[in-house]
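Student: Here you go, one structure.
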Amino acid sequence: MAEARETLEEPILTGNGGPTDLAAMEPDLLDVEPDQTVASGRRRRSFQFGWWLACGWLILVVGAALLAPILPLWEPGTPDYTNVAGGLSASHPLGGDAIGRDNLSRLIYGARASLLVGLSAVVLGAVIGGLLGIIAGYVGGKVERVLLTLTDATLAFPGLVLLIAAVAVFGASMTVIIVGLAVLSIPTFIRLARATTLVIVQREFVTAARAYGARPMRVMLREVVPNVVLPVAAYGFIMVGVFIVAEGSLSFLGLGIPPPTPSWGSMIAAGRTELLTHPQISLIPAAVMFVTVLSINYVGERTRKRFEVKDSNL
Amino acid sequence: MTDLVKDERQNKTGASSGPGGDPGASRHVQLRDADDVVLSVEDLVVEFGVGGGSTVHAVSGVSFDVRRGETLGLVGESGCGKSTTGRSIMQLPKPTSGSVRLHGDNLGGMPSGQMRRARRKLQMIFQDPISSLNPRRRIADIIAEPLRVWGSSPDARKAKVAETLEAVGLDPQLVADRRPHQFSGGQCQRISIARALVLEPEVLICDEPVSALDVSVQAQILNLLEEMKERYQLTMIFISHDLAVVRNISDRVAVMYLGKLCEIAPAVELFDRPRHHYSSLLLSSIPSADQDATTSAARLDRSGGEMPSPVSPPSGCRFRTRCPAATERCAVEEPLMRQVGDGHFVACHHPLEVAEVVASGAEGSVERSADGTPDGALRPVALEGV
Amino acid sequence: MTSIDAGPADQRRDTRPPAAGSAQTTAPGATATRPLLEVDQLRVHFATPAGLVRAVDGVSLSVRAGEVLGVVGESGSGKTVMSRRAMGLVGPGTTTRLSGTVRYDGTEISALPPAELSKLWGSEMAMILQDPMTSLNPVKRVGEQIGESLRRHLGLDRAAAHQRAVQLLRSVGLSEPERRVRQYPHELSGGMRQRVTIAIALSCDPRLLFADEPTTALDVTVQAQILELLARQQAEHRMAMMIVTHDLRVVRGHTDRVVVMYAGKVVEAAPTRTLFAAPRMPYTEALMNAVPPLTGSNHAVLRVIPGRPPNLLAPPPGCAFAPRCASAQERCLTEMPPLRSAADLAGASPGGSAAGAPAGGPAPAIAGTPDDHVYRCWYPVGTEAGDEARRTNIERGHTAAGTPILAEAV
Chain A
1 MAEARETLEE PILTGNGGPT DLAAMEPDLL DVEPDQTVAS GRRRRSFQFG WWLACGWLIL
61 VVGAALLAPI LPLWEPGTPD YTNVAGGLSA SHPLGGDAIG RDNLSRLIYG ARASLLVGLS
121 AVVLGAVIGG LLGIIAGYVG GKVERVLLTL TDATLAFPGL VLLIAAVAVF GASMTVIIVG
181 LAVLSIPTFI RLARATTLVI VQREFVTAAR AYGARPMRVM LREVVPNVVL PVAAYGFIMV
241 GVFIVAEGSL SFLGLGIPPP TPSWGSMIAA GRTELLTHPQ ISLIPAAVMF VTVLSINYVG
301 ERTRKRFEVK DSNL
Chain B
1001 MTDLVKDERQ NKTGASSGPG GDPGASRHVQ LRDADDVVLS VEDLVVEFGV GGGSTVHAVS
1061 GVSFDVRRGE TLGLVGESGC GKSTTGRSIM QLPKPTSGSV RLHGDNLGGM PSGQMRRARR
1121 KLQMIFQDPI SSLNPRRRIA DIIAEPLRVW GSSPDARKAK VAETLEAVGL DPQLVADRRP
1181 HQFSGGQCQR ISIARALVLE PEVLICDEPV SALDVSVQAQ ILNLLEEMKE RYQLTMIFIS
1241 HDLAVVRNIS DRVAVMYLGK LCEIAPAVEL FDRPRHHYSS LLLSSIPSAD QDATTSAARL
1301 DRSGGEMPSP VSPPSGCRFR TRCPAATERC AVEEPLMRQV GDGHFVACHH PLEVAEVVAS
1361 GAEGSVERSA DGTPDGALRP VALEGV
Chain C
2001 MTSIDAGPAD QRRDTRPPAA GSAQTTAPGA TATRPLLEVD QLRVHFATPA GLVRAVDGVS
2061 LSVRAGEVLG VVGESGSGKT VMSRRAMGLV GPGTTTRLSG TVRYDGTEIS ALPPAELSKL
2121 WGSEMAMILQ DPMTSLNPVK RVGEQIGESL RRHLGLDRAA AHQRAVQLLR SVGLSEPERR
2181 VRQYPHELSG GMRQRVTIAI ALSCDPRLLF ADEPTTALDV TVQAQILELL ARQQAEHRMA
2241 MMIVTHDLRV VRGHTDRVVV MYAGKVVEAA PTRTLFAAPR MPYTEALMNA VPPLTGSNHA
2301 VLRVIPGRPP NLLAPPPGCA FAPRCASAQE RCLTEMPPLR SAADLAGASP GGSAAGAPAG
2361 GPAPAIAGTP DDHVYRCWYP VGTEAGDEAR RTNIERGHTA AGTPILAEAV
């Protein structure tokens, strides 16, 4: 496919499958639906089995996390002493942890915490960073220089140290972790949004908008922002996975979401003393985290590619 | 149509030959002071700073005017400043100096709100049909957006969008809800034209509108532009590097080289009797059936086709480094525009002689008369002799 | 008849030295006329998720020694893929399906492994691409890039290669060649870079030069320079050349023979002068008419070709140009016309036995036969059948494909 795209002198890329030249009198050929274009064909193939599998897993995880309170689960914080480091059983499908709490229940409640941290931090970072980046790219000049200098300064600061310091000062709480991760991600979002904006501003439809008299604010909101949102969102999606792992690492260091709230990271951390005797206590949340992050990356990458193809097909 | 053009030319000669002593008039003899001049550009200068503190002199004092209903072609090679000229007329970005007057009002001197309003009368079409349209929006929204900016009612907008789409040959029903990537280059260019026309501008600036299109599609768009010009009473500035395209669509043609105007004349006149050596080089460079002509054109160019850098343009006449007729005077004294014929102006100390050119054209056609139509007239034989 | 430069006949053939004349006199019989490059029933299909793209669909042509062949077509006509396949640059791949043969100087090269093929590249065949910036390596000095192929193919040592590089740059008209060899591509202008690629292409005296849109990215005065350079080098080296371009004016002044491609197929081939004097294929005629003329009055209404290039995914059963053609009749929609010459046409009874030799079988006409004028049309322009077909369409106001006939299109 790649070969075809490179060597063909754009016969597919100019959209031969698209609607025919309406202007030029071939109404009969119009029954070729625009959705039968090569682009959509490529899309169809790329959204195949693996994509659905990853999506299915993510829907399962998110669904379970959302519905946790109404699902028939054990209390995640209440130990069942018959289930201390218990193996897999009918009443505790994934067994119990070192003090007998139900692993399945903690896994699902842990998903709530992990996903909440990942999503909120990304949304916060993407909105703030994205906006600042668009402003930097669109306004330019002094504003851009100041923002970029701040960005560089933040990027030069070791992230983990910042987080540890924040936890030390404000105490470990979910809010501190979310805000901390978001602050760390803002510079990257600024850079991404700014770079994308710079490309978009060069496009002639932006010049055209200014030519027909749109005010700068309107040009930014109507012409620039919609074109920056998608790349930023696609990157943000992948960052969710990164943040889930980051929260896990913090928990492992004892700096994560404080107990008793379960999170995947704290579950892995809690199981490490029993790693040799009862490895499932650590390995099950680790596996769940692994598959979830993998799925997020896969879906994110595919979605991003899809929009890229759509752009290149232009 | 053609009658109108002829009348204009007669008027114009009368007007420009009048005030002889006026220094302003002699500096810009090519400018006309008739009532129906829609747009006049005077001493337009555009400079960009580049790295290392040097300056690109993209446009260096260009003056011309366009009358109502006229199409002015702006030709030149890449880097001559023709696109920059087009954009700075739109004040995108504002020129470094010089004035752009629309019906006598200087766009550059207006407060920005007023300028935005005045500029509605100027619209632009770009080279890259794909880059011209926002990929995330539906066609109907793209075309309605200018109307929305100027606050027309939704119903009026809808009707206007449908009307304009039909005018450019697209079926509104089929097109409105689609997005740009579902269309071919030619169709995208039609959509761009519709967007430019929806505000009913007086002047349409076309910046290489057909350069990215296949020959067959190019002809469709060129015909469409002529149609639209008639229907919407447009005045056009048509910027292109394609000489044949410019000749066909323009009433008058201005030739640019390295940020300066070399020559301005009625289209056919310019192509039949170029007086500037650069115009003549351009014309003889068009590949023709007669390979020797191209060969001689190529040999004529002293620089082997290399244009000097716009960062440090040559002194005096900017074409002198490539010009076969360059003398010492060309290095010290910049040639001013002067009239050499009916509506024909040239900025050259040693313009090509008409007699020479005509004689050569005749020779050429004699030589080839066996085959019928002479196109020898296109190439001054003065060149072939060199 | 056609608007593009209605003018004198091209003088190309008259001004050139007789092509490969000595070879013809010494080698008698069939070998004398054996072409340097023979392309036979070449097909390049790309499998895409949306279906099979028939980029090149059964192209046969030939280039004789010392001859300049022009290949003209719009985007999507397959001209570029065809020339790259002929050169061996498009190899088989998981999504690329190839068939047909390419013979260079009598040897089949279409099946050669890349290692064997690369011995031919540079020394026997060379190519010039549209964008000189991408065909030059940005991090290597100009001199090294020229020297590389000299050392590989001619076995020159470093010093000799350097000497030769300077000579080559001088011969392609670059000023200060001693300084240029030490420069990087980005330090040169577009025209200079194209001169460098030409120098590289000519470095080992190839017998066949492919030029793929050699001047499309260049300004018109630079284009004149490069075309002149190519013509001079071609004559000096007695090189065969294939110029692939969309520009009819370039083809007209700079080729001996022209092949017109449409939708992956050859639709017309003829000696340049014949083609421009009397195009037979309605597509060729329409293409010539769509170019704005350089003579006559301005504001001429251009005769447009309605619609746009065909969908290579689902080619129509008949002639690919039929939906856009002013002469199209019912037959054009159902039956693919074979590539045939005026002579074939005269031999066959009108509308009858000619159809018995379809293009799929042993091809009756190869687009490379020396001075034949072949075309793929049931109703050729300028013939009785063609005039009749067009008259019918004008009378009924639309073609058999339903395309309305506009006054200006006829």
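Residue numbers (our numbering), protein chains in the order written: chain A, 1 to 314; chain B, 1001 to 1386; chain C, 2001 to 2410.
All residues carry an ideal CB built from backbone N, CA and C; glycine is no exception.
Just so you know, these numbers come straight off a predicted model, no measurement behind them.
(1) Could you give the distance in angstroms between the alpha-carbon of Leu221 (chain A) and the alpha-carbon of Ala209 (chain A)?
(2) Give me the subset of the region 2060 to 2077 of chain C whose CB atoms are less than 8 angstroms from a CB atom of chain B, sorted by chain position.
(3) Once the 5 residues before and after Pro2315 (chain C) are set aside, which same chain residues still bring their CB inside 7 angstroms of it?
(4) Can you check whether the C-beta of Arg1462 (chain B) is within less than 8 angstroms of a C-beta belonging to chain A?
(5) Here's the rule: buried if 16 or more other CB atoms are within 10 angstroms of the residue's CB, otherwise exposed. What is Ser1097 (chain B)?
(6) Excluding sequence positions up to five away, which residues of its chain have a Cβ less than 8 angstroms from the Cβ of Arg218 (chain A)?
(7) Give the straight-line distance between the Cα atoms of Leu1389 (chain B) and His1103 (chain B), rounded to the nearest whole angstrom.
(8) Tell me whether Ala2400 (chain C), by its Cβ, gets closer than 7 angstroms to a heavy atom of the ligand GDP.
(9) Under three-state DSSP, which class holds Ala2009 (chain C)?
(10) Which class does Glu1269 (chain B) belong to by DSSP, given the choice of helix, strand or coil?
(11) Roughly how many angstroms separate the alpha carbons of Gly159 (chain A) and Leu184 (chain A), rounded to a whole number?
(12) Starting from the beta carbon of Arg1301 (chain B), find every residue of chain C whose beta carbon is closer than 8 angstroms, and list them in chain order.
(13) Give me the Cβ distance between Ala1244 (chain B) and Leu2294 (chain C), rounded to the nearest whole Å; I'm assuming they're in contact under 8 angstroms.
(14) Mind listing the chain C neighbours of Pro1287 (chain B)? Cutoff is C-beta to C-beta under 8 angstroms, in chain order.
(15) Compile a chain-ordered list of the residues in the region 1332 to 1345 of chain B whose CB is closer than 7 angstroms to at least one CB of chain C.
(16) Compare the C-beta of His1277 (chain B) against all C-beta atoms of chain C and say whether one is closer than 8 angstroms.
(17) Quick one: is Val1217 (chain B) near chain C, going by C-beta distance under 8 angstroms?
(18) For Leu2150 (chain C), which of C:Gly2143, C:Ala2161, C:Arg2195 has the nearest alpha-carbon?
(19) At what residues does the beta strand (DSSP E) containing Cys1206 (chain B) begin and finish?
(20) Going along chain B in order, which residues have a C-beta closer than 7 angstroms to the C-beta of Gly210 (chain A)?
(21) Taking only beta-carbon atoms, is Ala2290 (chain C) less than 8 angstroms away from chain B?
(22) Give, in chain order, every unbroken run of the beta strand (DSSP E) that is at least 3 residues long and sits entirely within the region 163 to 214 of chain A.
(23) In terms of residues, what are the limits of the alpha helix (DSSP H) holding Asp1155 (chain B)?
(24) For chain C, is any of its Cβ atoms less than 8 angstroms away from the one on His1241 (chain B)?
(25) Enumerate in chain order the residues of its own chain whose CB-to-CB distance from Ser266 (chain A) is below 6 angstroms, with the five nearest sequence positions on each side excluded.
(26) With DSSP as the reference, identify every bridge partner of Trp2121 (chain C), one or two as the case may be.
(27) Determine the direct distance from the alpha carbon of Leu1283 (chain B) to that of Leu2287 (chain C), and round the result to whole angstroms.
(28) Which of the three DSSP states, helix, strand or coil, is assigned to Met2239 (chain C)?
(29) I think Ala68 (chain A) touches Tyr109 (chain A), with their Cβ atoms under 8 angstroms apart; what is that distance to the nearest whole Å?
(30) For Leu1133 (chain B), decide whether its Cβ has a neighbour in chain A, counting only Cβ atoms nearer than 8 angstroms.
(31) Can you check the region 2309 to 2333 of chain C for any beta strand (DSSP E) of at least 3 residues that lies completely inside it and give the ranges in chain order?
(32) Is the beta carbon of Pro2292 (chain C) less than 8 angstroms from the beta carbon of Asn1248 (chain B)?
(33) How is Tyr2283 (chain C) classed by DSSP in three states: helix, strand or coil?
(34) Report the residue from B:Glu1145, B:Lys1082, B:Asp1242, B:Leu1204 whose alpha carbon sits nearest the alpha carbon of Met1236 (chain B).
(35) Considering just the uninterrupted stretch of the alpha helix (DSSP H) at Tyr2379 (chain C), what are its terminal residues?
(36) Put Lys2265 (chain C) into one of helix, strand or coil per three-state DSSP.
Tutor: Reading off the structure:
(1) 12 angstroms
(2) Glu2074, Ser2075
(3) Arg2054, Ala2263
(4) There is simply no residue 1462 (chain B) to check, as chain B begins at 1001 and stops at 1386 in what is shown.
(5) exposed
(6) Ala209
(7) As displayed, chain B neither begins before 1001 nor continues past 1386, which places residue 1389 (chain B) out of reach and without an answer.
(8) Only the bare structure without any ligand can be found here, which leaves the ligand GDP out of the picture.
(9) Summary for Ala2009 (chain C): the model assigns pLDDT 44, below 50, so the residue's position carries little reliability, and this model does not support an answer.
(10) helix
(11) 6 angstroms
(12) Correcting the residue identity first, residue 1301 (chain B) is Asp in this sequence and not Arg. Neighbours of Asp1301 (chain B) on chain C, chain order: Thr2221, Ala2224, Gln2225.
(13) 5 angstroms
(14) Gln2223, Ala2224, Leu2227, Asp2247, Arg2249, Val2250, Arg2252, Gly2253, His2254
(15) none
(16) no
(17) yes
(18) C:Ala2161
(19) 1203 to 1207
(20) Contrary to the premise, residue 210 (chain A) reads as Arg rather than Gly in this sequence. Near Arg210 (chain A) (Cβ distances below 7 angstroms), the residues of chain B are Leu1092.
(21) yes
(22) none
(23) 1154 to 1167
(24) yes
(25) Ser251, Gly256
(26) C:Met2125
(27) 22 angstroms
(28) coil
(29) 6 angstroms
(30) yes
(31) none
(32) yes
(33) helix
(34) B:Leu1204
(35) It is not in any alpha helix (DSSP H) - Tyr2379 (chain C) carries neither H nor E in the DSSP assignment.
(36) strand
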